[in-house]
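Position one of the first sequence corresponds to residue 500 (my numbering), numbered consecutively onward.
Here a beta-carbon is modelled for each residue, glycine too, at the ideal position from N, C-alpha and C.
Here the structure is a predicted model, which is why all the values come from computation and not from measurement.
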Amino acid sequence: MKREPKPNNGLHIYDTLERKVLPITASDGQVVRIYCCGPTVYRDAHVGNLRTFLLSDLVRRTLEFSGLKVKMVQNITDVGHMSEDFEEDKMLAQSKLEKRDPYSIAREYEEKFHKDLAELNILPAHNYPRASECIEMMLEHIAKLTELELAYQGDDSSIYFDSTKFDSYGQLSGNRLDALKPGHRYEYVEAGAKRFHADWALWKAAGNRREMIWQTAYGPGFPGWHIECSAMSLHYLQGHVDLHIGGIDLRFPHHENERAQSNPLVKGEAVSAWLHGEHLLFEGRKMSKSSGNVVLLSDVITRGFDPLSLRFCFLENRYRSQMDLSWNSISAAHSTLQRLRAKYQQWKLAPRDYSDEASAFVLAILAHFQADLDTPQVMIKLRSLEKEDQFSDGQKAAILENLEPLLALKLLEEMPIKELPDEARVLLEARQRARENKDFALSDQIRDQLLLLGIAINDSPSGQSWSWKS
RNA sequence: GGUGGAGUGGCCGAGAGGCGAGGCUCGGGACUGCAAAUCCCGCUACACGGGUUCAAAUCCCGUCUCCACCUCCA
Numbered sequence: 500m501k502r503e504p505k506p507n508n509g510l511h512i513y514d515t516l517e518r519k520v521l522p523i524t525a526s527d528g529q530v531v532r533i534y535c536c537g538p539t540v541y542r543d544a545h546v547g548n549l550r551t552f553l554l555s556d557l558v559r560r561t562l563e564f565s566g567l568k569v570k571m572v573q574n575i576t577d578v579g580h581m582s583e584d585f586e587e588d589k590m591l592a593q594s595k596l597e598k599r600d601p602y603s604i605a606r607e608y609e610e611k612f613h614k615d616l617a618e619l620n621i622l623p624a625h626n627y628p629r630a631s632e633c634i635e636m637m638l639e640h641i642a643k644l645t646e647l648e649l650a651y652q653g654d655d656s657s658i659y660f661d662s663t664k665f666d667s668y669g670q671l672s673g674n675r676l677d678a679l680k681p682g683h684r685y686e687y688v689e690a691g692a693k694r695f696h697a698d699w700a701l702w703k704a705a706g707n708r709r710e711m712i713w714q715t716a717y718g719p720g721f722p723g724w725h726i727e728c729s730a731m732s733l734h735y736l737q738g739h740v741d742l743h744i745g746g747i748d749l750r751f752p753h754h755e756n757e758r759a760q761s762n763p764l765v766k767g768e769a770v771s772a773w774l775h776g777e778h779l780l781f782e783g784r785k786m787s788k789s790s791g792n793v794v795l796l797s798d799v800i801t802r803g804f805d806p807l808s809l810r811f812c813f814l815e816n817r818y819r820s821q822m823d824l825s826w827n828s829i830s831a832a833h834s835t836l837q838r839l840r841a842k843y844q845q846w847k848l849a850p851r852d853y854s855d856e857a858s859a860f861v862l863a864i865l866a867h868f869q870a871d872l873d874t875p876q877v878m879i880k881l882r883s884l885e886k887e888d889q890f891s892d893g894q895k896a897a898i899l900e901n902l903e904p905l906l907a908l909k910l911l912e913e914m915p916i917k918e919l920p921d922e923a924r925v926l927l928e929a930r931q932r933a934r935e936n937k938d939f940a941l942s943d944q945i946r947d948q949l950l951l952l953g954i955a956i957n958d959s960p961s962g963q964s965w966s967w968k969s
């Protein structure tokens, strides 16, 4: 049996912790408070990163379309994201490589990140706190954990979280403390200062590091990666997170540790629901530098595709499944997008008709979004609109207009029209004269020339017209 | 080794016991001086082996293959 979700039932999302679909609500009755793990700004975000960032946007738009208020915070990690060996801090490694000040690198990539989001029509979060500017609140958080005797100072002066003191450690990721130890893939090297293998650093002593360090009561040092999100989420969202969003890989250790750090301070579950987006593969492989298949949004644009064709591709797949992206699928999405936009330009000429049937169609789409973001169903329904005889053009136009805040595919926009260069204008006039004289050889020759300029010609009984080749 | 997910036509992908989604590509046609664009038509698939059932892509058992996660990662 086909399950048609009920509209206006509110957003429901699969929660990683409870492993079931939960309604997303504002715990204070006012505003849905959402925290999204943001980028570490030491390199360009690839399209896989963008898929996760888009996930937040889908959640936000669905909630707002359903009539709820949303507050969304996304952190910018510009310090403290490192592996066990702090020589390998991502920011500092890149800084060394580029021989540049780490902060200037961070700001550059942060700006690019915002540009990418805008290209994908992702609404900006209400707040983008930078880790480097939130050291005080992290230190406060660490101090409280120390008071609660959940953290201790190691021989190396670093402060560690005592994972054995948090009873439900591992519940989010399905890991058990004892099962973590063997580490089949990695030979675990016992770090001397930790009391237990699963403990992690809240604050790292500077050692011989000179940049991006802060003077504190514990001595000079810098924050661990996980404390950043605990401190910032609770600070900027006033002590509770209704929905926490991030990539699936963050489930462990990042979110597991974050939960252990946050819960004791609020004396309960600091986060109502954990939403994790699955990874994107490109042409069958995980996107990574070593596989050489890292694709950036700028690559998509360079190939002549509308950046929103990427959004379109993402919508065609459920956030919870691994998705295989390819140039082929982007190209397919691109042409469908263009076709829909062209159709709208036609439909909108008819008198607008937002009847009950049209509004039912919009609500049916909303219901699919609300049902754990079932965007593949949304796209199926959207495509069906094209062939649907039961709707008039005026209804179809009204439907697309109403859906735009949800879909954000810019379906109402006309094709971007670039200014025609003079050279092309002259050629077009020449071709028109040639056609009037039935000199088809010349006319075809000019058409080829125009094609080289990226201009496609369309001859119709009413004369020639042109458009930019897509 | 542990855990989770997946195998559907040339490609991407819905569907979750009966009625073969849809898109892209490709082929044919209409239109056109020819193209392009557009429209119409076509291409009939569910990894393999068993089983359950009147009926299986869909349920059960087994096998194979692929992918991801397991303290770098969105």
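Just to confirm the assignment, what range does the beta strand (DSSP E) spanning residue i have?
i: G746; result: L742 to G746
i: A704; result: W699 to A704
i: Q963; result: G962 to W967
i: C535; result: V530 to C535
i: D823; result: M822 to L824
i: G720; result: G720 to P722
Mind checking which residues open and close the alpha helix (DSSP H) that includes residue i?
i: C1027; result: The shown model of the chain, from 500 to 969, leaves out residue 1027, and the question about it has no answer.
i: V569; result: V569 -> not in any alpha helix (DSSP H); beta strand (DSSP E) instead, spanning K568 to Q573.
i: H754; result: H753 to V765
i: T801; result: L796 to T801
i: R882; result: T874 to K886
i: S891; result: No alpha helix (DSSP H) holds S891; DSSP gives it neither H nor E.
i: A489; result: The question about residue 489 has no answer, for the chain in this structure spans 500 to 969.
i: K589; result: K589 to E597
Per DSSP, what kind of secondary structure is residue i in: helix, strand or coil?
i: H545; result: strand
i: K788; result: coil
i: I954; result: strand
i: D921; result: helix
i: P522; result: strand
i: I621; result: coil
i: L733; result: helix
i: Q714; result: coil
i: Y602; result: helix
i: H511; result: strand
i: N901; result: helix
i: A857; result: helix
i: A832; result: helix
i: A841; result: helix
i: A863; result: helix
i: E689; result: For E689, the pLDDT reaches just 47, beneath the cut-off of 50, and the residue's location in the model is therefore unreliable, although a value from the coordinates is still provided. Correct three-state label for E689: coil.
Sort out for me which residues DSSP pairs residue i with in a bridge.
i: G776; result: G746
i: S959; result: G962
i: Q652; result: I658
i: T539; result: T576
i: F781; result: R784 and L824
i: R629; result: I575
i: V770; result: V740
For residue i, does the count of other Cβ atoms within 10 angstroms reach 16, so buried, or fall short, so exposed?
i: R810; result: buried
i: D855; result: exposed
i: L647; result: exposed
i: V578; result: buried
i: F804; result: buried
i: R946; result: buried
i: N936; result: exposed
i: F552; result: buried
i: M581; result: Residue placement at M581 is poorly supported in this model, since its pLDDT is 46, which falls under 50; the coordinates still yield a value, given next. Answer is buried; the Cβ neighbour count reaches 16.
i: V531; result: buried
Legend entry - Segment contact flag, the stretch 753-766 with the stretch 784-795, C-beta cutoff 8 Å, min 3 pairs: No: the two stretches stay apart, fewer than three of their Cβ pairs being nearer than 8 Å.
Inset, instruction - Check whether the stretch 602-616 touches the stretch 524-544, counting contact only when three or more Cβ pairs, one atom from each stretch, lie closer than 8 Å. - result: Segments in contact, yes.
Legend entry - Cβ pair count under 8 Å reaching 3, the stretch 717-734 against the stretch 695-708: At 8 Å Cβ cutoff, the stretches touch.
Inset, instruction - Spell out a yes or no on whether the stretch 773-786 and the stretch 654-661 are touching, meaning 3 or more CB-CB pairs, one atom from each, closer than 8 Å. - result: No: fewer than three Cβ pairs fall under 8 Å.
Inset, instruction - Answer yes if the stretch 555-573 comes into contact with the stretch 517-537, meaning at least three C-beta pairs across the two stretches below 8 Å, and no otherwise. - result: Verdict: yes, contact present.
Legend entry - Inter-stretch contact at 8 Å, needing at least 3 Cβ pairs: the stretch 664-678 / the stretch 712-721: No: fewer than three Cβ pairs fall under 8 Å.
Inset, instruction - Evaluate the contact criterion for the stretch 890-903 versus the stretch 835-855: three or more CB pairs, one atom per stretch, below 8 Å. - result: A contact between stretches requires three or more CB pairs, one per stretch, nearer than 8 Å, and the stretch 890-903 meets this requirement with the stretch 835-855.
Inset, instruction - Decide yes or no for the touch test of the stretch 734-743 against the stretch 625-639: beta carbon pairs closer than 8 Å, at least 3 of them. - result: Counting C-beta pairs with one atom in each stretch, the stretch 734-743 and the stretch 625-639 have three or more that are closer than 8 Å, which means they touch.
Inset, instruction - Determine contact between the stretch 865-873 and the stretch 503-514, defined as no fewer than three beta-carbon pairs at a distance below 8 Å. - result: Verdict: yes, contact present.
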